Amino acid sequence: DTGVSQDPRHKITKRGQNVTFRCDPISEHNRLYWYRQTLGQGPEFLTYFQNEAQLEKSRLLSDRFSAERPKGSFSTLEIQRTEQGDSAMYLCASRGSSGVTDTQYFGPGTRLTVL
Amino acid sequence: TQLLEQSPQFLSIQEGENLTVYCNSSSVFSSLQWYRQEPGEGPVLLVTVVTGGEVKKLKRLTFQFGDARKDSSLHITAAQPGDTGLYLCAGAGGNNRLAFGKGNQVVVIP
Numbered sequence: 001d002t003g004v005s006q007d008p009r010h011k012i013t014k015r016g017q018n019v020t021f022r023c024d025p026i027s028e029h030n031r032l033y034w035y036r037q038t039l040g041q042g043p044e045f046l047t048y049f050q051n052e053a054q055l056e057k058s059r060l061l062s063d064r065f066s067a068e069r070p071k072g073s074f075s076t077l078e079i080q081r082t083e084q085g086d087s088a089m090y091l092c093a094s095r096g097s098s099g100v101t102d103t104q105y106f107g108p109g110t111r112l113t114v115l
Numbered sequence: 116t117q118l119l120e121q122s123p124q125f126l127s128i129q130e131g132e133n134l135t136v137y138c139n140s141s142s143v144f145s146s147l148q149w150y151r152q153e154p155g156e157g158p159v160l161l162v163t164v165v166t167g168g169e170v171k172k173l174k175r176l177t178f179q180f181g182d183a184r185k186d187s188s189l190h191i192t193a194a195q196p197g198d199t200g201l202y203l204c205a206g207a208g209g210n211n212r213l214a215f216g217k218g219n220q221v222v223v224i225p
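Chains as they are written, first to last, in my numbering: chain A, 1 to 115; chain B, 116 to 225.
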């Protein structure tokens, strides 16, 4: 399977704990995105990497959130001191640098539940 | 604030019927994607439209991009239960992020 993969698929944690999610993009894609989706809403943009550089961050990304892409391949999203409002589906997407479209391909997501 | 408004939010139809859902915005997009999402899964790409007025077909699904590149429609002919899902439209505005609507939840009853 050469699509976007995410791990874990599900995470249940207690309020105040830290969690980390991983995303492996499509191998030849240099652009990687994180989105968050809550029930009844469409995905909302969190942050964007081109290679290893984090080029854009949404105001949704509070200081408890940090994302990295150290070698320009996989990425991690860490949430510190989780709150119940962080419960959501966290989606990763990737996009190549060639072609004329802005098409992003999504992974299966990580469902986070904060108790 | 959702930049893209999708309507209707929920639609239930009988197998074999046709349906059309809409995605509207006041913003111009360089391209627009349609995705289908199943519960607990990520969005799966159906189509990307780029040119104003463009029409693309994917089996029984027909996608149209508005002339002004602000809106789009998805028409399904002879819907089948396998078409059930949340249809999301997403506009790309050139700032590297996609802006999504809330989706059109379609239920096809056998």
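Ideal Cβ placement from N, Cα and C applies to all residues, glycine included.
No experiment lies behind these values; they were computed from the predicted model shown.
query                                                                                                                                                                                                 : result
Below 8 Å on the Cβ atoms is my guess for residue 64/A versus residue 50/A; work out the distance and round it to an integer in Å.                                                                    : Actually they do not touch by this definition, with Cβ atoms about 24 Å apart.
Mind checking residue 182/B: buried by the 16 CB within 10 Å criterion, or exposed?                                                                                                                   : exposed
Roughly how many whole angstroms lie between the Cα atoms of residue 139/B and residue 211/B?                                                                                                         : 20 Å
For residue 118/B, verify whether its CB is less than 7 Å away from any heavy atom of the ligand GTP.                                                                                                 : Ligands displayed in this structure: none; no statement on the ligand GTP is therefore possible.
State buried or exposed for residue 75/A, treating a residue as buried only when at least 16 other CB atoms are found within 10 Å of its CB.                                                          : buried
Could you give the first and the last residue of the continuous beta strand (DSSP E) run that contains residue 51/A?                                                                                  : Counting along the chain, residue 51/A falls outside any beta strand (DSSP E), and DSSP gives it neither H nor E.
Using CA atoms only, rank isn't needed, just tell me which of 19/A, 53/A, 3/A and 52/A is closest to residue 86/A.                                                                                    : 19/A
Work out the CA separation of residue 96/A and residue 148/B for me, nearest whole Å.                                                                                                                 : 15 Å
Does DSSP put residue 84/A in a helix, in a strand, or in coil?                                                                                                                                       : helix
Should residue 183/B be flagged as near chain A, meaning a C-beta pair shorter than 8 Å?                                                                                                              : no
Candidates 14/A, 57/A and 23/A: which alpha carbon is nearest residue 73/A's?                                                                                                                         : 23/A
Is it buried or exposed for residue 219/B, if we count other Cβ within 10 angstroms and need 16 for buried?                                                                                           : buried
Quick check on residue 60/A: buried or exposed, where buried means 16 or more other Cβ atoms within 10 Å of its Cβ?                                                                                   : exposed
Spatial neighbours of residue 165/B within its chain, please: CB distance less than 7 Å, with the 5 preceding and 5 following residues excluded, ordered by chain position.                           : 146
At a CB-CB cut-off below 8 Å, which residues of chain A make contact with residue 142/B?                                                                                                              : In chain order: nothing, as chain A lies at least about 14 Å away.
Within 8 Å of any Cβ in chain A, is that where the Cβ of residue 116/B sits?                                                                                                                          : With a pLDDT of 48 at residue 116/B, under the threshold of 50, the modelled position of this residue cannot be trusted, and the question is left open.
For residue 145/B, return the contacting residues in chain A, with the cut-off set at a CB-CB distance below 8 Å.                                                                                     : 102
Name the residues in the stretch 61-72 of chain A whose C-beta lies less than 8 Å from a C-beta of chain B; which are they?                                                                           : none
For residue 157/B, does the count of other Cβ atoms within 10 angstroms reach 16, so buried, or fall short, so exposed?                                                                               : buried
Is residue 91/A close to chain B, meaning its C-beta is less than 8 Å from at least one C-beta of that chain?                                                                                         : yes
Starting from the C-beta of residue 167/B, find all residues in its chain whose C-beta is less than 7 Å away, skip the five residues before and the five after it, and write them out in chain order. : 180, 181, 182, 183 and 184
Buried or exposed: residue 53/A, going by 16 or more other Cβ atoms within 10 Å of its Cβ?                                                                                                            : exposed
What residues from chain B crowd round residue 108/A, counting only those whose CB sits closer than 8 Å?                                                                                              : 156 and 157
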